[in-house]
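Encoded as structure tokens, the structure appears first; notes follow it.
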């Protein structure tokens with residue numbers, strides 16, 4: 026049965042000392058941070074995702090005008106979400122209007138055109154709308170990540186560090202927030218907060234999303250506080266706060282970062298889902314979920330109104346997920362790099378040269 | 005206790021966040037004042053929410069004296085009644101989706117772990133991440149467009165272009181090639197085989213217009229049954245076990261012999277009871293056949309025979325449902341557009357035919373279930389792959405290999421069972437999570453389930469209804485967690501509840 030067949034290792038390939046020797050040699054004399062960075066940069070998918078996400082954020086953030094108080098930074102895109110240019114009629118399939126001018130076919134039509142993503146019902150530039158929506162969704166994603174991350178770390182570390190009563194009370198609080206069905210309560214809050222503004226929506230969603238992280242941090246603290254280096258710090262006279270923040274937290278930071286990236290990937294999906302249901306960001310504000318919900322029915326005739334926001338949601342969530350995966354691999358001490366044939370060969374050559 | 009706390013919190017949050025009077029306050033109608041007063045009296049709005057909560061709680065506590073009262077909705081309907089209607093709908097949707105997703109995800113995850121760092125593994129990892137990042141409402145709309153509307157259009161003029169046949173066959177070829185894996189030569193052999201088989205099947209389907217009048221027929225069933233017999237034997241007890249193989253083949257043969265009598269039974273006595281009896285008969289025959297073939301080691305042989313028998317019986321069942329397809333698409337309610345995009349049943353379809361009714365239910369289930377499966381499949385691929393890799397690194401696996409057990413036994417007996425431990429508790433959680441998460445799927449496909457009720461409650465500021473939905477979902481979470489713990493301690497002898 027071929028399904029169960031194992032890949033046989035050629036005996037010649039296994040050298041004296043084996044694979045761990047090759048892996049150990051690589052991390053000799055490096056600090057923890059250096060090891061993690063090295064491992065992360067070797068994860069091709071994660072690095073690719075990081076590059077794409079960074080450029081995507083830059084692309085989205087600079088496309089439109091940004092207002093910070095009285096200062097106004099102009100964006101590079103010619104339309105804003107308020108402009109209503111004339112609707113394009115010519116060359117559109119099946120008598121529709123406002124079809125996209127983006128053309129990737131080589132030749133005279135190659136290029137962005139005036140409205141690369143097309144136009145909506147009244148002629149607003151869809152590129153500008155999508156950029157604005159992506160900007161909202163990104164902003165909400167980061168705020169949720171920050172708020173949930175902060176609360177989760179604080180609650181988790183207090184519960185794990187002090188244990189006993191404090192732990193019991195805080196963990197009951199976690200249980201109790203977890204029993205509340207997320208979508209329903211988020212919708213209740215969203216309906217009230219959506220009108221106030223997307224920032225408040227993000228804050229509220231963050232307040233709901235920290236429970237998983239808190240459990241994780243608590244478990245880390247519970248095991249780390251029994252370690253000898255904590256005793257050593259205590260003997261040296263360090264205060265509780267110093268032990269918690271200087272000694273224990275840095276050891277748990279890997280898992281925390283990974284969990285926060287996963288929260289953020291989930292957050293963008295939650296936000297768009299809520300906006301889709303009509304409980305998140307509400308018109309006249311724009312978000313990717315809202316755009317999809319508004320133009321869902323016109324999918325058959327004008328599919329571009331549906332494709333672009335969806336593609337942006339997917340690429341953002343996908344990138345964040347891949348980065349999270351790369352980070353997890355990088356922080357996991359048990360995870361060693363896969364030893365390739367090339368490495369074995371190199372080790373062999375070195376061994377020979379040494380002899 | 006936790007239920008009490010969380011319901012108290014949700015009640016107050018919802019009560020403060022929503023204002024059922026807002027619309028009336030803005031209206032200039034003369035009667036607005038009276039309406040406000042009436043509504044205030046009806047909903048006890050002059051009582052502050054924390055106290056109003058206890059009024060609601062009193063109705064809930066009536067549960068213990070057999071007098072449950074969750075209040076009425078704003079339309080004057082009883083909340084219990086609404087919930088009782090919505091629960092089965094959601095459960096039907098979620099149960100099918102969860103089970104399929106788990107089975108499929110486990111299979112893909114296990115194979116991908118066994119072939120760690122192969123092309124197949126990388127492909128599965130990427131697929132899992134992609135599915136993980138898909139917004140469900142987006143997928144649902146796409147499914148509606150391509151699986152329903154376009155497919156219905158296709159059915160009105162059925163003709164598969166050769167170009168699509170080739171492209172589709174290439175994909176299937178790549179899938180099987182990388183699944184069975186191995187050296188380059190082996191890959192191309194498998195690829196060519198799968199490509200050719202798939203192409204011939206598609207071509208045959210196209211020539212015979214199979215999708216207009218589908219069915220398996222006795223020859224296909226015979227062929228598939230023999231295939232199932234071999235497949236089940238090789239996984240369940242090893243292909244070299246001649247007794248088990250013969251028992252399985254006998255079961256397959258019996259299924260084929262029973263094909264025509266089964267048709268008669270299905271046509272004359274169709275009901276869920278018949279289907280249930282069929283399964284019982286198959287299981288007992290399986291035990292009997294195993295007894296016939298061997299005096300020793302009856303357990304594993306009976307297992308092989310029973311699995312084969314049930315799968316073959318399932319084939320006959322599928323065949324019977326498929327036979328109703330032509331009649332189903334010809335009914336007035338369906339009118340040759342058999343894949344529906346909306347609702348959980350066709351109201352216009354009035355028939356007492358067991359198979360037509362079930363086909364209708366299945367057709368309505370397909371799209372929403374597919375959407376839910378796509379979303380939750382990702383998690384299961386990742387979990388099962390991770391769990392199996394973790395287990396394969398354990399010492400007892402090395403011991404099992406060292407004492408000379410073959411790889412099949414190591415994987416199915418030693419690794420698979422241990423890997424299922426952490427997954428079993430996840431299953432409960434996933435199921436409960438999906439019940440709450442089906443909101444969006446229900447909304448896109450117009451199902452009248454729990455999610456739709458919840459949305460309606462929020463939109464109309466209907467506190468009683470919202471609390472009913474919320475209570476039920478939280479209750480499910482609590483019960484689910486308890487079940488998961490109990491299941492885990494029952495399965496894993498290392499864990500004992502402390503006294």
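Chains as they are written, first to last, in my numbering: chain L, 26 to 380; chain D, 5 to 503. The beta carbon of each residue, even a glycine, is placed where N, CA and C say it ideally should be.
Would you decide whether residue 90 of chain L is buried or exposed? Buried here means 16 or more other CB atoms lie within 10 Å of its CB. On the first chain, position 65 is the one that residue 90 of chain L refers to. Residue 90 of chain L is exposed by the Cβ-count criterion.
Measuring alpha carbon to alpha carbon, tell me which residue in D:414, D:121 and D:309 is nearest residue 506 of chain D. This structure cannot speak to residue 506 of chain D, because chain D is shown only from 5 to 503.
So, is the C-beta of residue 60 of chain D closer than 8 Å to a C-beta in chain L? In the second chain, the residue the question calls residue 60 of chain D occupies position 56. So no, residue 60 of chain D is outside the interface.
Under 8 Å: do the region 329-340 of chain L and the region 295-315 of chain L share three or more Cβ pairs, one atom per stretch? Contact between the region 329-340 of chain L and the region 295-315 of chain L is present, because at least three Cβ pairs lie under 8 Å.
Do you know offhand how far residue 355 of chain D's Cα is from residue 364 of chain D's? For the purposes of this step, residue 355 of chain D is identified with residue 351 of the second chain, where counting begins at 1. For the purposes of this step, residue 364 of chain D is identified with residue 360 of the second chain, where counting begins at 1. Spanning the alpha carbons of residue 355 of chain D and residue 364 of chain D requires a straight line of approximately 11 Å.
Closer than 8 Å to chain L by CB, residue 161 of chain D: As a first step, residue 161 of chain D is located in the second chain; it is residue number 157 there, counting from the start. No - not a single Cβ of chain L is within 8 Å of the one on residue 161 of chain D.
Cβ atoms of residue 241 of chain L and residue 284 of chain L: under 8 Å apart, would you say? Position 259 of the first chain, counted from the start, is the residue given in the question as residue 284 of chain L. Position 216 of the first chain, counted from the start, is the residue given in the question as residue 241 of chain L. Against a cut-off of 8 Å, the Cβ pair of residue 241 of chain L and residue 284 of chain L comes out as a contact.
Do residue 168 of chain L and residue 232 of chain L have their beta-carbon atoms positioned less than 8 Å apart in this structure? Residue 232 of chain L sits at position 207 when you count from the first residue of the first chain. Residue 168 of chain L sits at position 143 when you count from the first residue of the first chain. No.
Limits of the alpha helix (DSSP H) - the one that residue 205 of chain D falls within: Here residue 205 of chain D refers to the residue found at position 201 of the second chain. That run of the alpha helix (DSSP H) goes 188-212.
Check this for me: beta carbons of residue 299 of chain L and residue 217 of chain L, under 8 Å apart or not? As a working note, residue 299 of chain L is residue 274 in the first chain. As a working note, residue 217 of chain L is residue 192 in the first chain. No. Outside cutoff.
Measuring alpha carbon to alpha carbon, tell me which residue in L:237, L:252 and L:326 is nearest residue 149 of chain D. On the second chain, residue 149 of chain D is found 145 positions in, with the first residue counted as 1. Selected option, being the one with the closest Cα: L:326.
Segment contact, 8 Å Cβ cut-off, at least three pairs: the region 155-166 of chain L with the region 290-306 of chain L: yes
Along chain D, which residues have their Cβ under 7 Å away from the Cβ of residue 321 of chain L? For the purposes of this step, residue 321 of chain L is identified with residue 296 of the first chain, where counting begins at 1. Neighbours of residue 321 of chain L on chain D, chain order: 145.
Work out the CA separation of residue 59 of chain L and residue 469 of chain D for me, nearest whole Å. What you label residue 469 of chain D is simply residue 465 of the second chain in a count that begins at 1. What you label residue 59 of chain L is simply residue 34 of the first chain in a count that begins at 1. Their Cα atoms are separated by approximately 55 Å.
Nearest to residue 421 of chain D by CA position, among D:225, D:56, D:110 and D:249, is which residue? Within the second chain, residue 421 of chain D is the residue found at index 417, counting from 1. Looking at the Cα atoms, D:110 is the closest of the given residues.
What are the start and end residues of the alpha helix (DSSP H) that includes residue 96 of chain L? Here residue 96 of chain L refers to the residue found at position 71 when the first chain is read from its first residue. Note, residue 96 of chain L: premise wrong, no alpha helix (DSSP H); beta strand (DSSP E) at 96-98.
What residues in its chain sit with their C-beta under 6 Å from that of residue 64 of chain L, if we drop five residues either side in the sequence? By 1-based counting over the first chain, the position of residue 64 of chain L is 39. Non-local beta-carbon contacts of residue 64 of chain L in its own chain, meaning distances under 6 Å to residues more than five positions away in sequence, involve 355 in chain order.
At a Cβ threshold of 8 Å, is residue 149 of chain D touching chain L? Indexing the second chain from 1 puts residue 149 of chain D at position 145. Yes - at least one Cβ of chain L is within 8 Å of the one on residue 149 of chain D.
Please compile the residues from chain D whose C-beta is within a distance smaller than 8 Å of the C-beta of residue 347 of chain L. Translated into positions along the first chain, residue 347 of chain L becomes position 322. Ordered by position in chain D, the residues that pass the 8 Å Cβ test against residue 347 of chain L are 133.
Does residue 157 of chain D come within less than 8 Å of chain L when only Cβ atoms are used? Locating residue 157 of chain D in the second chain gives position 153, where the first residue counts as 1. No, residue 157 of chain D lies away from the interface with chain L (no Cβ there is under 8 Å from its Cβ).
So with Cβ pairs under 8 Å, would you call residue 14 of chain D a contact of chain L? Along the second chain, read from residue 1 onward, the residue named residue 14 of chain D stands at position 10. At least one chain L Cβ lies under 8 Å of residue 14 of chain D.
Same chain, Cβ closer than 7 Å to residue 39 of chain L, neighbours up to 5 away in sequence not counted: Indexing the first chain from 1 puts residue 39 of chain L at position 14. In this prediction, residue 39 of chain L has a pLDDT of 45, which is less than 50 and means its spatial position is unreliable; what the coordinates show is noted afterwards. Hits under 7 Å: none found.
Compare the C-alpha of residue 436 of chain D against each of L:204, L:144, L:154 and L:235 and name the closest. For the purposes of this step, residue 436 of chain D is taken as the residue at position 432 of the second chain. Nearest to residue 436 of chain D by C-alpha distance, out of L:204, L:144, L:154 and L:235, is L:204.
Beta-ladder partner(s) of residue 91 of chain L, from DSSP: Stepping through the first chain from its first residue, residue 91 of chain L is reached at position 66. Within the DSSP secondary-structure output, residue 91 of chain L pairs in a beta bridge with L:98.
Helix, strand or coil at residue 144 of chain L according to DSSP, with G and I counted as helix: Within the first chain, numbered from 1, the residue matching residue 144 of chain L stands at position 119. Strand, per DSSP.
Can you grab the Cα-Cα spacing for the pair residue 503 of chain D / residue 243 of chain L, in whole Å? Locating residue 503 of chain D in the second chain gives position 499, counting from the first residue. Locating residue 243 of chain L in the first chain gives position 218, counting from the first residue. Caution is warranted here: a pLDDT of 41 is assigned to residue 503 of chain D, below 50, making its placement in the model unreliable, and the coordinate value is therefore given only provisionally. Cα to Cα, the separation comes out at about 24 Å.
Pick from D:169, D:219, D:215 and D:153 that is closest to residue 198 of chain D, judged by C-alpha positions: Numbered from 1 along the second chain, position 194 holds the residue referred to as residue 198 of chain D. If we check each option's Cα against that of residue 198 of chain D, D:169 comes out closest.
Could you name the residues of the same chain whose beta carbon sits closer than 7 Å to that of residue 229 of chain D, not counting the 5 residues immediately before and after it, in chain order? By 1-based counting over the second chain, the position of residue 229 of chain D is 225. Counting only Cβ-Cβ distances below 7 Å, and skipping sequence neighbours, we find 256, 259, 260, 316 and 319.
Shorter than 8 Å from the beta carbon of residue 213 of chain L to some beta carbon of chain D? If you number the first chain from 1, residue 213 of chain L lands on position 188. Judged by the 8 Å Cβ criterion, residue 213 of chain L is in contact with chain D.
Going along the chain, which residues of the region 299-333 of chain L sit with their C-beta nearer than 9 Å to a C-beta in chain D? Residues 301, 302, 303, 304, 313, 314, 317, 318, 321, 324, 325, 328 and 331.
Helix, strand or coil at residue 150 of chain L according to DSSP, with G and I counted as helix: Walking along the first chain from the start, residue 150 of chain L turns up at place 125. Note: residue 150 of chain L maps to strand in three-state DSSP.
Under 8 Å, with one C-beta from each stretch per pair, do the region 279-298 of chain D and the region 334-350 of chain D reach the 3-pair mark? no
Using a threshold of 8 Å, state whether the C-beta atoms of residue 104 of chain D and residue 312 of chain D are closer than that. In the second chain, residue 104 of chain D corresponds to position 100, counting from 1. In the second chain, residue 312 of chain D corresponds to position 308, counting from 1. Going by C-beta atoms, residue 104 of chain D is not nearer than 8 Å to residue 312 of chain D.
Simplified DSSP state of residue 272 of chain L, which is helix, strand or coil: Numbered from its first residue, the first chain carries residue 272 of chain L at position 247. Residue 272 of chain L: helix per DSSP, three-state reduction.
So that I know if they touch, is there some Cβ in chain D lying closer than 8 Å to that of residue 335 of chain L? Counted from its first residue, the first chain places residue 335 of chain L at position 310. With 8 Å as the cut-off, residue 335 of chain L counts as an interface residue toward chain D.
Please confirm if residue 89 of chain D has its CB atom under 8 Å from at least one CB of chain L. By 1-based counting over the second chain, the position of residue 89 of chain D is 85. By this cut-off, residue 89 of chain D is not an interface position.
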